[in-house]
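Chemist: Below you will find the structure I want to go over with you.
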Amino acid sequence: MAMVAFAGLHYAYPETVVRVLDGLDLEIDAGLVLLTGSSGSGKSTLLRVCNGLIPHFHGGVIGGSARVLGHDVLRTPTREMARDVGFVFQDPELQAVYPTVERDAAFGLENLGVGRAEMLRRVADALERCGISHLRTRAVTTLSGGERQRLALAGVLAMRPRLLVLDEPFSQLDPEGSSALRQALVAAVASGTTALVAEHRHHAIGDRAGRWLRMQGGHIVELPPEPPPEVVAPARRSGQPPSELSWRLDRVNAGHAGVAVLHDLELAAGGGEVVALTGANGSGKSTLLRTIAGLLPPLAGRVERRPGRIAYLPQNPSALLHRATVRSEIEWTLRRTRSAGGPEAVLEQLGLSALADRDPRDLSSGQRQRAALAAVLAGDPPLLLLDEPTRGMDREARAALTAAVTRIAAMGGSAVVATHDQELAAAVATRVVELHDGAAREARAPLLVSP
């Protein structure tokens, strides 16, 4: 019996007529399966059928046959599916329930009625496999985006599901976290778990996947595996030579609640510079961006910024999107900044013209990321601060982002981009700054990789 068996499956979200899934046929027996496809192609929709969130939570119109682990998805409550299907969402910020790491990782086991001794063993093992044992007693609210992603994974792995469904699990992970996740997936599959992983960063998991699938036009297309990335020469960067000072940190200590994460920082950048900010999950990249932006006062030292607008994109793009349409988000930025022109240019630049009149909350994660970027980039801000901007993005959207950042630098603006995406850093950075153990050091720009 197939672990996943869909036949003639079609689905449309409520109040829409367009089918996201359109007569889809798919069988998955075992192993590790990679699911690819452009943003908005229906990958997350397909994954949510696997645990019954579609149709039981989202509603909509569904038809055809969908069986997972022998259950008829259309007739089986989600709470029953959750016993055997472990699911990690694109937005790990929304998945935490309890205030501390260890307690939150145990949430699923509590719902399964696992005994305390066994629960503690499983949680400890899952935290170790995800490389976050040292965070066991930490408050969830103090974690970085990558650390929250690892926590969400640990909570699901602790349940030891028969089917593991992961939506963009590598999007915020540092190299150590990516390696830990690959090892955890390989171990889970070796023990009999089937894993279905939707991921834009194919190289993160592709060499371990037994099958490659692509969502396209509401259907599944079987693909041959792609070759591993090839290292080529660094991309030529078009930023201007540094001009007037854009921002400076003078012996700055930065952190939260009086506790410094970064110590005695001496950093500065001028117009035309793009600084790629790298470092492990929890190293302080988001803290540094917020300090430069003025959202987080320094605990010691002084922050200087040249006059003008500061545009900041946080890790969670939904925090910026509150209006009825993508177009109105951009128009709001243009009005507030008294910028000339309309929203059409930035909509076109980021490939959002066809989505301009959609509610941002109804978009896929990658499309929401582009919508938030459009709202931030509107009006050509002189200082641009981006936190993991390629999260959930397909290759076309990443190319559009690269062009937008390069354009701002060419106009004399400045950007700081916190990222684990080596391809993005290679394409846009004039400098790379690495954070480690509370300190910052200049690092070599990475080589551009191509599939």
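Each residue of the sequence shown is one higher than the one before, starting from 52 at the first, in the working numbering.
Every residue, glycine too, gets a C-beta built ideally from N, C-alpha and C.
Going along the chain, which residues of its own chain have a beta-carbon closer than 8 Å to the beta-carbon of E447, five neighbours each way excluded?
Modeler: So the list reads S89, G402, once near-sequence residues are dropped.
Chemist: What residue from E78, L434, L428 has the CA that sits closest to V325's CA?
Modeler: Minimum Cα distance to V325 is reached at L434.
Chemist: Does DSSP put V71 in a helix, in a strand, or in coil?
Modeler: Residue state, collapsed to three classes: coil.
Chemist: Tell me whether E78 is buried or exposed, calling it buried when 16 or more other Cβ atoms sit within 10 Å of its Cβ.
Modeler: The residue in question, E78, is exposed, as its Cβ has fewer than 16 Cβ neighbours within 10 Å.
Chemist: Alpha carbon to alpha carbon, how far is L486 from R449? Give it in angstroms, no decimals.
Modeler: Near 24 Å, if we compare the C-alpha coordinates of L486 and R449.
Chemist: Ends of the alpha helix (DSSP H) at T245?
Modeler: Counting along the chain, T245 falls outside any alpha helix (DSSP H), though it belongs to the beta strand (DSSP E) covering 245 to 249.
Chemist: Please say whether G137 and V248 have beta carbons closer to each other than 7 Å?
Modeler: Cβ distance not < 7 Å, so V248 and G137 don't count as in contact.
Chemist: Quick check: the Cα distance between A284 and V467, rounded to an integer number of angstroms?
Modeler: Residue placement at A284 is flagged as unreliable, the pLDDT there being 42, under the threshold of 50; a coordinate-derived value is accordingly withheld.
Chemist: Buried or exposed: where does T470 fall if 16 or more other Cβ atoms within 10 Å of its Cβ makes it buried?
Modeler: Flag for T470 reads buried.
Chemist: Helix, strand or coil for F138 per DSSP?
Modeler: Strand.
Chemist: Below 8 Å on the Cβ atoms is my guess for G196 versus Q223; work out the distance and round it to an integer in Å.
Modeler: Indeed they touch by this definition, with Cβ atoms about 4 Å apart.
Chemist: Across which residues does DSSP place W383 in a beta bridge pair?
Modeler: Beta-bridge pairing links W383 to no other residue.
Chemist: Closer than 6 Å by C-beta to R360: which residues in its own chain qualify, once you throw out the five before and the five after it? Chain order, please.
Modeler: Taken in chain order, the residues that qualify are T388, P432.
Chemist: According to DSSP, F57 sits in a beta bridge with which residue or residues?
Modeler: Per DSSP, L77, A117.
Chemist: Quick one: Cα of R299 to Cα of R130, how far?
Modeler: Distance between the alpha carbons of R299 and R130: 52 Å.
Chemist: If I measure Cβ to Cβ from P365 and keep anything under 8 Å in the same chain, skipping five residues before and after, which residues do I get?
Modeler: Closer than 8 Å at Cβ, skipping near neighbours: S337, L371, D438.
Chemist: How far does the beta strand (DSSP E) with I361 in it extend, from its first residue to its last?
Modeler: 361 to 364 is the span of the beta strand (DSSP E), which, as asked, contains I361.
Chemist: Which one of R154, R167, P220 has the shortest CA to CA distance from L178?
Modeler: Comparing Cα-Cα distances from L178 to each of R154, R167, P220, the minimum goes to R154.
Chemist: Here's a check: name, in chain order, each residue in its chain whose Cβ is nearer than 8 Å to the Cβ of A311, leaving out the five neighbours to either side.
Modeler: Cβ neighbours of A311 beyond the five flanking positions: N304, A305, L350, A351, G489.
Chemist: Which residues in the same chain have their Cβ closer than 7 Å to the Cβ of A190, if we skip the five residues on either side of it in sequence?
Modeler: So the list reads P150, T151, once near-sequence residues are dropped.
Chemist: Beta-carbon within less than 7 Å of H185's beta-carbon, same chain only, minus the 5 sequence neighbours each way: which residues are those?
Modeler: Excluding residues within five positions, none has a Cβ falling inside 7 Å.
Chemist: Just to confirm my understanding: we take T453, look at its own chain, exclude 5 residues before and 5 after, and list those with CB closer than 8 Å. What are they?
Modeler: The answer, listed in chain order, is L475, A478, V479.
Chemist: Which whole-angstrom value is the C-beta distance of A494 and L316, which I expect to be below 8 Å?
Modeler: Their Cβ separation, rounded to whole angstroms, is 15 Å, which puts A494 and L316 out of contact at 8 Å.
Chemist: Measure from the alpha carbon of M52 to the alpha carbon of each residue in V119, I271, A405, V483, then state which is nearest.
Modeler: Checked all of V119, I271, A405, V483; the closest Cα to M52 is V119.
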